[in-house]
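Trainee:
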Amino acid sequence: MAVETISDNAEISFIRDAIDRSAVSSTQILVIGISLVLNMLDGFDITAMAFTAHSIGEQMKIAPDQLGIVFSAALAGMMLGAMFVAPLSDVIGRRNILLICVAGIGISMCATAFANSLWPLVILRSITGLGVGGMLASLAAITFEYTPEKYRGLSVVCITAGYPLGATLGGFVAAPLIANYGWESVFFLGGLATLSMLLAVYFLIPESLQFLATKQPNNALARINEILTRLKHSALRELPDTLIEEDAGRANVLSLLTKNRRAKTITLWSTFLFCFVCLYFLMSWIPKLVVNSGLSESLGIYASAAFNGGAVLGIFVLGWLSARFYLSRIIGTFLFSAGLGMIIFALTSGVDHLLLYLIAIGFLLQGGFVGLYAVAAKIYPTEIRTTGLGWAIGLGRFGAVIGPYVGGILIATGVSMETNFIIFAAPLLIAGLLAYWLAVR
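So in the working numbering, the last one in the sequence shown is 1110, and the numbering has no gaps at all.
#1: Taking only the alpha-carbon atoms, compute the straight-line gap between M1011 and S1018 and give it to the nearest angstrom.
#2: Answer yes if the region 693-705 comes into contact with the region 828-844, meaning at least three C-beta pairs across the two stretches below 8 Å, and no otherwise.
#3: Among the candidates G1072, L1102 and G1101, whose CA atom is the shortest distance from the CA of D734?
#4: Is W852 helix, strand or coil by DSSP?
#5: For a test of the three-state rule: what should DSSP assign to F994, helix, strand or coil?
#6: Taking the alpha-carbon positions, what's the C944 to L1064 distance?
#7: Thinking just about the alpha-carbon of each residue, which of A932, F976 and Y971 is nearest to the one in L947?
#8: So, with DSSP's three-state summary, where would you put G969?
#9: Distance, Cα to Cα, G822 vs K1047?
#10: Using 8 Å as the Cβ pair cut-off and three pairs as the minimum, do the region 1027-1042 and the region 984-1001 touch?
#11: Quick check on I1013: does DSSP put it in helix, strand or coil?
#12: State the start and end residues of the unbroken alpha helix (DSSP H) segment that holds D714.
#13: Using the C-alpha atoms, what's the distance from L867 back to A772?
#14: Take I761 as the anchor and find which of Q697, G1101, Y1074 and I1053 has the nearest alpha-carbon.
#15: Near V986, which residues of its chain fall below 7 Å by C-beta distance, leaving aside the five closest residues on each side in sequence?
#16: With a threshold of 8 Å on Cβ separation, who are the neighbours of L864 within its own chain once the five nearest residues in sequence on each side are excluded?
#17: Among W954, T1088, T797 and G1057, which has the Cα closest to the Cα of D711?
#18: Between the C-alpha atoms of D1021 and S1085, what's the straight-line distance to the nearest angstrom?
#19: With a CB to CB cut of under 8 Å and the five nearest residues on each side skipped, what residues in its chain are close to P956?
#20: Can you look up K928 in the DSSP assignment and give me helix, strand or coil?
#21: Beta-carbon within less than 8 Å of G785's beta-carbon, same chain only, minus the 5 sequence neighbours each way: which residues are those?
#22: Can you give the Cα-Cα distance for Y1049 and T927, rounded to whole angstroms?
#23: Three or more beta-carbon pairs under 8 Å between the region 787-794 and the region 833-844, yes or no?
#24: Relative to the C-alpha of N1160, which residue among Y820, S741, F880 and I935 is closest?
#25: Do I877 and R763 have their C-beta atoms within less than 8 Å of each other?
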C-alpha cells in the first residue's frame, strides 16, 4: 500500500510526534537493545584492566602507582572522547560516530593483549578510552531520541545499566580466563566481541530522526522517510524549516553556558565530577584492595563483580522510581546514602561481610550515577544534546582520572581499604547534595 504524505508544515512537530505518540516498533527495540549490548561491552572493556591488574603487575613488574597511570590513561581517553569525539555526533550523526568508536575500541582491545611494558599499555588503553568516551554519550542521545517521551528517562537509565552489567559479567568471565589462558585472553575476548557489533550498528541502527530533521544532511528527506516507513508512519513531503527547540544554539560548549542554562550546566558538571572520583576509584582498585587485605585474587575479582552487580539492580530500581518521583531528588538520595554506606563499612570493619557491603554500595552509587545521564538528556535540546552529555561526562572524567591515580598513591603508601573508603566517601556526599538541587523530573 502506498505511503501517505504529510504537508511540509501541517505539523512542525510531526517527526517528534511520530516517536512520542505511537507504540514502540521493532526498530526502536533494536536501537535500545543494541545500545544496551554496546554499553555492556564498554563496561567489560574498561574494567578489563581492573580484572587483570594484579596479573599484569606481577608479570611486567609494574608497581601499583604505575598501574594507576594505566587506569588513568583509559579514563583520560574517555574524558577526551566524551568532550571532543561525542559532540561530533551533533555534526556528522550519531550512527557515524558509533561506527568509528566501535572499530577503534575493538582494535585497541585486541592490540592490548600484545603489550609487554607500561607505555604500550598506557597508549592502547588511552585509545580504548577515547572510543568508549565518544560512544557513551552518543548511545544515550540516540536512545533518548528513539524512545517515546514517557519512557525516555527509563530507557536511558536502562541502556546505561549495560555498563555495570558488562563489568559484572566480565568479572565472572575474567577469573577463569586468567586462570586458564592468561590475562591476554580477557582483552582478546573483549576486542573480538566489540568488533562483532560493527555489523549490527551498520545494518540495524538508523540515524536519529531528530538529527536528520535538524541538521538536514544530503538526502535527509529520503532518509527520514525510509526510517518513518520502518516505524510504520506516514512520510514527509518536505523537510520542516526547523525543529521545535526555539532557543537551541550551535553545538558547542558555549551553547551549554547561556544565561538560562549556566547554573544547571555547572551543577551537572560538578555532580558528574564528584561521582566519577569515587566510582572509578572503586571500579579500578577493589580487586587490589581485597588482595592487600589478605584475601585471594579470585575473591577480589568477585568483589568487583558484586559491586557492579548491585549497580545493575540499583539502576533498574532508580529507573522505576524515576517515573514516579523527581528524578534528580532520587539520584541525590542514592548518592548521599552511598557515601554514608562507605563510611559505615569503614567504621564497622566490614571485611567479614565484604560482598554484601559492596552490593549495597554499588546499588546506591551506580544507580544514582547512571540517572545523571537521563538528567543531562532532559536538560538539553536535540541540537546540543550529545554536546551537553559529552561535556558533562568529559569534564566529570577529570574525577575519573584523579580517583584511580590518588588511589594508587594511597595504596602504594600502605593506606588500608577502610581508610580509603572514608576518604572517597566525601565526594559522594557532596554529589548527593548537588544532584538534589538540580530539581529535574
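Think of the CB as a built atom: it goes at the ideal place given N, C-alpha and C, for glycine as much as any other residue.
Mentor: So, from the listed chains and residues:
#1: 11 Å
#2: yes
#3: G1072
#4: coil
#5: coil
#6: 12 Å
#7: It is Cys, not Leu, that sits at residue 947 in the sequence shown. Per the Cα distances, F976.
#8: helix
#9: 8 Å
#10: yes
#11: helix
#12: S695 to M729
#13: 7 Å
#14: I1053
#15: G1036
#16: V771, A772, G775, I776 and C779
#17: T797
#18: 15 Å
#19: A719, F720, A722, H723, E966, G969, I970, A972 and S973
#20: coil
#21: Going by the sequence as given, residue 785 is Asn instead of Gly. Cβ neighbours of N785 beyond the five flanking positions: M729.
#22: 12 Å
#23: no
#24: Outside the displayed range of the chain (670 to 1110) lies residue 1160, so it cannot be described from this structure.
#25: One detail in the question is off: residue 877 reads as Ser in this sequence, not Ile. It is a contact, given that the beta carbons lie within the stated cut-off.
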